[in-house]
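When the letters of the sequence shown are read in order and numbered with our numbering, they come out as residues 710 to 809. I have placed the structure first, in the form of structure tokens, so that the comments after it can refer back to it.
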Amino acid sequence: MNRQLNKRRCALLICGLFVLGLLLATTWIIRHADHDCVGHDCPVCALLHAVEKLLKPLSPAALGCACAFAGLGFASAFSRKGPTRGGLATLTALKTRLNN
């Protein structure tokens, strides 16, 4: 049980760091989009290009995940038929008889 909890915490931490990295990269692009370019070998332009190249394939996936989580949230909010004890509608809680 403890090992599974540690795996979940580690996965949550990795996901959080990934989202934080995406947000920081996007913020950096927005802040430096109108910089004064020094010429052909501008390091800011090179980094902007690298970050945009990194974020471009990730943005549809991030948008898709956000839409999926929002849809699941709305679906679960509107699909509840009534309050159940403990919040879980299991077969035992619904007193469903299972015959073989």
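Cβ atoms here follow ideal geometry from the backbone N, Cα and C, with glycine treated the same way.
Look at residue i and residue j and say whether their C-beta atoms are less than 8 Å apart.
i, j, result
"L781", "L731", "no"
"V753", "I738", "no"
Hey, residue i and residue j are a contact pair by Cβ (cut 8 Å); roughly how many whole angstroms apart?
i, j, result
"A734", "L764", "6 Å"
If we require 4 or more residues per run, which alpha helix (DSSP H) segments fall completely within the region 728–808? 752–787
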